[in-house]
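Chemist: Sharing a structure below in structure tokens format, with a few things to ask.
Protein chains: 2
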Amino acid sequence: MSVQNNRDDKDRADEPVTSSAGIDAKDVAILNLLEADGRATLSQLAKATGLSVSAAQSRVQKLEKRGIIRGYAAVIDYERSGLPISAFVSVTPLDYTRESEIPNKLHDIDGIISCYSVAGAPSFVLLVRVASPSKLEELLNLIHRTVPVSTESTVILKTYF
Amino acid sequence: MSVQNNRDDKDRADEPVTSSAGIDAKDVAILNLLEADGRATLSQLAKATGLSVSAAQSRVQKLEKRGIIRGYAAVIDYERSGLPISAFVSVTPLDYTRESEIPNKLHDIDGIISCYSVAGAPSFVLLVRVASPSKLEELLNLIHRTVPVSTESTVILKTYF
DNA sequence: CATGAAAAAGCGGCCGC
DNA sequence: GCGGCCGCTTTTTCATG
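Residue numbers (the working numbering), protein chains in the order written: chain A, 93 to 253; chain B, 93 to 253.
Take a look at the structure:
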């Protein structure tokens with residue numbers, strides 16, 4: 093892992109999004125394009141960025157190797173695909189000495205989409221997705237059986253964007 | 093990566109409930125594969141599902157036309173790409189008569205990734221991503237100038253998955 | 001880093017079952 | 001609706017300047 097400089101994070105109005113070392117404006121353009129269309133071809137990227145195909149290719153490969161592009165995924169409408177209920181689950185450990193084990197244990201539980209460690213009262217926030225309210229209850233029970241935590245769920249009524 | 097469907101008693105999401113979802117097990121398999129690898133080819137999907145290429149093709153096309161597959165996107169590590177700070181922002185309207193306008197007004201603000209309407213005390217939860225702490229402050233100020241709300245931010249320390 | 005080639009692969013439409 | 005075949009197009013890759 094590259095240890096980066098402790099450059100002051102004062103905002104500079106001329107670089108709105110780009111700041112990480114080694115990422116220039118064209119890399120950002122490529123990332124944005126690939127985020128909007130993960131199946132964009134190298135020639136599309138080249139044309140949009142004003143680069144040649146081979147230059148675009150080497151940039152994409154570097155972005156992939158550096159882990160900035162983690163992969164590619166289909167964007168799925170879960171509401172239409174059989175998992176209509178999403179919720180945030182705030183997770184507070186009952187035993188803080190074992191806090192660090194929690195994400196690993198939660199990782200393999202079906203229905204838990206994401207796990208964030210957060211600053212504040214609860215230690216973790218989960219994003220979960222289930223097929224029905226009763227499945228949500230099942231999932232919460234499973235979480236409680238898996239790790240010693242208390243939970244508080246906030247059902248998502250609608251995803252605007 | 094785990095997927096969904098803790099198959100249990102009460103709810104069956106995979107039955108052809110005629111009106112809404114004609115999604116069978118093979119469609120689910122295709123969705124899972126495409127979610128894990130949005131660049132999977134039709135022949136890969138066919139081989140993995142036991143279908144022929146043309147059958148897989150027609151299924152994918154139907155899933156796309158029905159909007160179940162919304163599109164394809166690169167999965168980007170924002171922490172490495174120059175937007176290291178993510179946070180949940182709970183949004184509580186000060187004026188509930190104009191609550192419904194809020195998501196639309198927030199939609200175009202740079203840095204707001206997602207907007208969820210939730211059941212519970214705050215009306216909305218935002219997922220935001222910014223380049224620095226001061227940019228987060230800027231973003232919150234902008235939100236307050238844009239819509240009459242109070243906010244409460246929870247910074248994400250780490251995204252486990 | 002741009003250009004140009006060759007090679008490979010995916011895609012889409014046809015057929016019959 | 002599914003499976004297999006074939007031709008076309010596109011993309012990728014690798015050479016070179």
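We put the beta carbon where it would ideally sit given N, CA and C, even for glycine.
Identify the contact partners of P195 (chain A) in chain B, using a Cβ-Cβ distance below 8 angstroms as the criterion.
Modeler: Here residue 195 (chain A) refers to the residue found at position 103 of the first sequence. Going along chain B in sequence order, the residues near P195 (chain A) (Cβ under 8 angstroms) are Y252, F253.
Chemist: So the candidates are A:A211, A:G212, A:A223, A:Q153; which of them puts its Cα closest to the Cα of G203 (chain A)?
Modeler: Here residue 203 (chain A) refers to the residue found at position 111 of the first sequence. Checking every option, the nearest Cα to that of G203 (chain A) belongs to A:A223.
Chemist: Check whether the region 115 to 134 of chain B and the region 142 to 149 of chain B touch, using three or more Cβ-Cβ pairs below 8 angstroms as the test.
Modeler: Output reads yes: the region 142 to 149 of chain B touches the region 115 to 134 of chain B.
Chemist: Could you list which residues in chain A have their beta carbon closer than 9 angstroms to that of G163 (chain B), in chain order?
Modeler: Within the second sequence, the letter at position 71 stands for residue 163 (chain B). By Cβ distance, chain A contributes A128, D129, G130, R131, A166, V167.
Chemist: Between V210 (chain A) and chain B, is there a C-beta pair that is closer than 7 angstroms?
Modeler: For this step, residue 210 (chain A) is matched to residue 118 along the first sequence. Answer yes: the Cβ-Cβ gap between V210 (chain A) and chain B drops below 7 angstroms somewhere.
Chemist: Tell me whether P195 (chain A) sits in a helix, a strand or coil according to DSSP, three-state version.
Modeler: For the purposes of this step, residue 195 (chain A) is identified with residue 103 of the first sequence, where counting begins at 1. Note: P195 (chain A) maps to helix in three-state DSSP.
Chemist: Restricting to runs no shorter than 4 residues, where is the alpha helix (DSSP H) found entirely within the region 127 to 178 of chain B?
Modeler: Counting whole runs of 4 or more residues, the region 127 to 178 of chain B contains the alpha helix (DSSP H) stretches 134 to 141, 145 to 157.
Chemist: Which residues of the region 230 to 249 of chain A have a Cβ closer than 7 angstroms to any Cβ of chain B? Give them in chain order.
Modeler: Answer set for the region 230 to 249 of chain A: E230, T246, V247, I248, L249.
Chemist: For a contact defined as C-beta to C-beta under 9 angstroms, what are the partners of V183 (chain A) on chain B?
Modeler: As a working mapping, residue 183 (chain A) is identified with position 91 in the first sequence. Those within 9 angstroms of V183 (chain A) in chain B number zero; the least Cβ separation is about 11 angstroms.
Chemist: At what residues does the beta strand (DSSP E) containing L218 (chain B) begin and finish?
Modeler: The residue given as residue 218 (chain B) occupies position 126 in the second sequence. From DSSP, the beta strand (DSSP E) with L218 (chain B) extends over 216 to 222.
Chemist: Taking Cβ positions, are I194 (chain B) and R172 (chain A) nearer each other than 7 angstroms?
Modeler: Locating residue 194 (chain B) in the second sequence gives position 102, counting from the first residue. Locating residue 172 (chain A) in the first sequence gives position 80, counting from the first residue. No, they are not a contact pair.
Chemist: Just list the residues that DSSP pairs E244 (chain A) with in beta bridges.
Modeler: Within the first sequence, numbered from 1, the residue matching residue 244 (chain A) stands at position 152. Answer is A:S182.
Chemist: Rounding to the nearest angstrom, what Cα-Cα distance links S178 (chain B) and K250 (chain A) in this structure?
Modeler: Taking the first residue of the second sequence as 1, we reach residue 178 (chain B) at position 86. Taking the first residue of the first sequence as 1, we reach residue 250 (chain A) at position 158. Taking the straight line joining both Cα atoms gives about 21 angstroms.
Chemist: What is the DSSP secondary structure of I204 (chain B), counted as helix, strand or coil?
Modeler: Numbered from 1 along the second sequence, position 112 holds the residue referred to as residue 204 (chain B). I204 (chain B) falls in the strand class under three-state DSSP.
Chemist: Using a Cβ distance threshold of 8 angstroms, determine whether the region 180 to 197 of chain A contacts the region 223 to 238 of chain B, with at least three qualifying pairs required.
Modeler: They do not touch, by the three-pair rule.
Chemist: Between L218 (chain B) and chain A, is there a C-beta pair that is closer than 7 angstroms?
Modeler: Looking up residue 218 (chain B) in the second sequence gives position 126. No, L218 (chain B) lies away from the interface with chain A (no Cβ there is under 7 angstroms from its Cβ).
Chemist: Could you tell me the distance, in whole angstroms, from the CA atom of Q136 (chain A) to the CA atom of L228 (chain A)?
Modeler: Here the question's residue 136 (chain A) lines up with position 44 in the first sequence. Here the question's residue 228 (chain A) lines up with position 136 in the first sequence. The alpha-carbon atoms of Q136 (chain A) and L228 (chain A) are separated by roughly 42 angstroms.
Chemist: Give a yes or no on whether the C-beta atoms belonging to V167 (chain A) and R131 (chain B) are separated by under 7 angstroms.
Modeler: As a working note, residue 167 (chain A) is residue 75 in the first sequence. As a working note, residue 131 (chain B) is residue 39 in the second sequence. Not in contact: V167 (chain A) and R131 (chain B) (Cβ atoms no closer than 7 angstroms).
Chemist: Skipping 5 residues on each side, what residues in its chain have a beta carbon closer than 6 angstroms to that of P240 (chain B)?
Modeler: As a first step, residue 240 (chain B) is located in the second sequence; it is residue number 148 there, counting from the start. Cβ neighbours of P240 (chain B) beyond the five flanking positions: L186, D187.
Chemist: Quick check on this structure: which residue in B:E156, B:I122, B:S215 has the alpha carbon closest to the alpha carbon of T189 (chain B)?
Modeler: The residue labelled residue 189 (chain B) in the question sits at position 97 within the second sequence. With distances taken between Cα atoms, T189 (chain B) lies closest to B:S215.
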